[in-house]
Amino acid sequence: MLVSVNPAPSLKEFQSLMERTDAVLNADAVSRKTYYSSRNGSLLEDDVKSALDQCAKGTPFENTIEKVSGQRFPDIVAAKLYGVEVKSTKENHWTSTGSSILETTRISDVERIYMTFGKLGGNPVEFLSKPYEQCLYGIAVTHMPRYLINMQLPAGETIFDKMGISYDELRKMDNPIAPVSKYYRSRLKPGESLWWAGDSAEETVSATVRLWKNLSVEEKRRHTVFGCIEFPEIFSGDYDRYSLWLTSQGIVDPHIRDQFSAGGKEQMQLSSGEHFPFPGVFRRISGNLDLFLHIISQKGEALPLENCPVKGKKLSKRILLWCDSVSRKTFIDYEVSMDALCVLFFHASYQSIKDNI
Numbered sequence: 111m112l113v114s115v116n117p118a119p120s121l122k123e124f125q126s127l128m129e130r131t132d133a134v135l136n137a138d139a140v141s142r143k144t145y146y147s148s149r150n151g152s153l154l155e156d157d158v159k160s161a162l163d164q165c166a167k168g169t170p171f172e173n174t175i176e177k178v179s180g181q182r183f184p185d186i187v188a189a190k191l192y193g194v195e196v197k198s199t200k201e202n203h204w205t206s207t208g209s210s211i212l213e214t215t216r217i218s219d220v221e222r223i224y225m226t227f228g229k230l231g232g233n234p235v236e237f238l239s240k241p242y243e244q245c246l247y248g249i250a251v252t253h254m255p256r257y258l259i260n261m262q263l264p265a266g267e268t269i270f271d272k273m274g275i276s277y278d279e280l281r282k283m284d285n286p287i288a289p290v291s292k293y294y295r296s297r298l299k300p301g302e303s304l305w306w307a308g309d310s311a312e313e314t315v316s317a318t319v320r321l322w323k324n325l326s327v328e329e330k331r332r333h334t335v336f337g338c339i340e341f342p343e344i345f346s347g348d349y350d351r352y353s354l355w356l357t358s359q360g361i362v363d364p365h366i367r368d369q370f371s372a373g374g375k376e377q378m379q380l381s382s383g384e385h386f387p388f389p390g391v392f393r394r395i396s397g398n399l400d401l402f403l404h405i406i407s408q409k410g411e412a413l414p415l416e417n418c419p420v421k422g423k424k425l426s427k428r429i430l431l432w433c434d435s436v437s438r439k440t441f442i443d444y445e446v447s448m449d450a451l452c453v454l455f456f457h458a459s460y461q462s463i464k465d466n467i
């Protein structure tokens, strides 16, 4: 990277440089439309640098412009303090997908960045430069969360305006994904989930996708039991939330019902000694009591307890609350379901421990 030997130019001088650069590029594009239409991202960076060099003559930026080699952010640096990120589209619009919100490759000395955008489709080919943060309207996820660009974005409609946090505040955070996921989570509609951010701002999710049939036996066992605990509506045949969560873990199951219903009815004992036929999903609990107890005892994992005032108390209380939640959702009579579950977990009837709920 070139090191400036001139006094640090002001932001106003940099803005003036970018305006002149736009004028030079747009004038050149009038006579060389075919040339610019054929340029790819890297080659267009060379064109922008050349225009910057031309416009920098006789200014504090002269001999300080450098196209940065390698995968660094931004693409071009001027006087060490300022940067230019070059983006383009072959279409006739001013929108595109931008750079990562993480900015892990950002050049540390650069304080302010402009976006120079080339609209290479349509007629005429046009260029427009704006402060970087003023043209970012949203975030999308490819292999990582990336900004969405709109060079004609009205004032007050950036993603930072929507989140109530400035660009500089966000980029300097240790975990910028947390406020982003919090914002998008607040906008979710029923039945929607942030597949790329898990169920909380701190949760990590898989970067790969696997089919359920390719999981190990132990992985299948754990995900199934976890689903029974965290999504009690499964016991009424509602798999929507569990399906969304499973997808966030990088797992796709086209036959998700079979995880819970395969194997026919489960005969469960009542306190009277009688055996009663329950849906097959109950077998996932009765056959995996050790794993069930381990998962439900982990702090914060049992979502049915999320808003309960006794959350975090002894394990028996957690289990009773879960039994109550499941029994209210299953098609089995509530009293019968609670009785069978209490016998399963406590070797006692529901009636004998009712006062503990």
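Letter by letter, the sequence shown follows residues 111 to 467 of this note's numbering.
Just so it is clear, CB atoms sit at the ideal spot from N, CA and C, and this is done for glycine as well.
On the DSSP letters alone, give me the boundaries of the alpha helix (DSSP H) that Gln461 sits inside. According to the DSSP assignment, Gln461 belongs to the alpha helix (DSSP H) that extends over Tyr460 to Ile463.
Pick out the complete beta strand (DSSP E) segments inside the stretch 327 to 411, 3 residues or longer, and give them in chain order. 376 to 379 and 385 to 388
Roughly how many angstroms lie between the CA atoms of Thr357 and Asn150, to the nearest whole one? 35 angstroms
Measuring alpha carbon to alpha carbon, tell me which residue in Asp348, Lys439 and Ser382 is nearest His457. Ser382
Compute the Euclidean distance between the alpha carbons of Gln379 and Ser353, then round it to the nearest angstrom. When only Cα atoms are considered, Gln379 and Ser353 end up about 30 angstroms apart.
Could you pull the start and end residues of the beta strand (DSSP E) that Ile259 belongs to? Pro255 to Asn260
Assuming Pro289 is part of the alpha helix (DSSP H), what are its boundary residues? Ile287 to Ser296
Since Ser371 and Gly390 should fall inside the 8 angstroms C-beta cutoff, what is the C-beta to C-beta distance between them, to a whole number of angstroms? 5 angstroms
What residue range does the alpha helix (DSSP H) around Arg428 cover? Segment Leu425 to Lys439, the alpha helix (DSSP H) holding Arg428.
Taking only the alpha-carbon atoms, compute the straight-line gap between Asp449 and Phe455 and give it to the nearest angstrom. 10 angstroms
Pair within 8 angstroms by beta-carbon distance, Trp204 and Gln125: no
Endpoints, beta strand (DSSP E) assigned at Leu212: That residue, Leu212, is in no beta strand (DSSP E); it is neither H nor E in DSSP.
Residues near Phe345 in its chain [Cβ-Cβ closer than 6 angstroms; skip 5 each side]: The answer, listed in chain order, is Val391, Val436, Lys439 and Thr440.
Compare the beta carbon distance of Thr174 and Ala189 with 8 angstroms and say whether it is the shorter of the two. yes
Check whether the Cβ atoms of Arg332 and Ile361 sit closer than 8 angstroms, and answer yes or no. no
Please classify Trp221: is it buried, with 16 or more other beta-carbons within 10 angstroms of its beta-carbon, or exposed? Per the sequence shown, residue 221 should be read as Glu rather than Trp. By the 10 Å Cβ count, Glu221 comes out exposed.
Cβ neighbours of Gly373 in the same chain (closer than 8 angstroms, five flanking residues each side left out): Gly390 and Arg393
Alpha carbon to alpha carbon, what distance is there between Gly208 and Leu447? Residue identity differs from the one stated: residue 447 is Ser in this sequence, not Leu. About 53 angstroms.
Taking just the CA atoms, how far does His385 sit from Lys427? When rounded, the distance between both Cα atoms is 25 angstroms.
Could you compute how far the alpha carbon of Glu445 sits from the alpha carbon of Leu451? Approximately 10 angstroms between the Cα atoms of the pair.
Alpha carbon to alpha carbon, how far is Val158 from Asp348? 55 angstroms
What is the DSSP secondary structure of Val470, counted as helix, strand or coil? Beyond the ends of the chain as shown, which are 111 and 467, falls residue 470; an answer cannot be given.
Which residue or residues does DSSP assign as beta-bridge partners of Leu177? In the sequence on display, residue 177 carries Lys and not Leu. As a beta-bridge residue in DSSP terms, Lys177 pairs with Ile186.
Residue range of the alpha helix (DSSP H) that includes Leu273: Rather than Leu, the amino acid found at residue 273 in this sequence is Met. Where Met273 is concerned, the enclosing alpha helix (DSSP H) stretches over Ile269 to Met273.
Buried or exposed (CB count within 10 angstroms, at least 16 for buried), Pro342: With 16 or more Cβ atoms within 10 Å of its Cβ, Pro342 is classed as buried.
If we ignore side chains and look at the alpha-carbon of each, how far apart do Pro286 and Leu246 end up? One C-alpha to the other measures close to 15 angstroms.
Alpha carbon to alpha carbon, how far is Leu121 from Ser276? Cα to Cα, the separation comes out at about 18 angstroms.
Same chain, Cβ closer than 8 angstroms to Ser326, five either side skipped, listed in chain order: none
Which residues in the same chain as Met128 place their Cβ atom closer than 8 angstroms to its Cβ, once the five residues preceding and following it in sequence are excluded? The residues are Val194, Tyr224, Thr226 and Ser239.
Is the CB-CB distance between Val235 and Ala139 below 8 angstroms? The answer is yes: Cβ separation under 8 angstroms.
Going by alpha carbons, who is nearest to Tyr294 out of Lys272, Leu401, Ala118 and Leu153? Comparing alpha carbon positions, the residue from Lys272, Leu401, Ala118 and Leu153 closest to Tyr294 is Lys272.
Measuring straight from C-alpha to C-alpha, what distance separates Lys330 and Trp355? 14 angstroms
Residue range of the alpha helix (DSSP H) that includes Val140: Leu121 to Ser141
Please classify Val235: does DSSP put it in a helix, a strand, or coil? DSSP places Val235 in coil when its eight states are reduced to three.
Which whole-angstrom value describes the C-beta separation of Ile468 and Cys338, a residue pair presumed to lie in contact below a C-beta threshold of 8 angstroms? Since the first and last residues shown for the chain are 111 and 467, residue 468 lies out of range.
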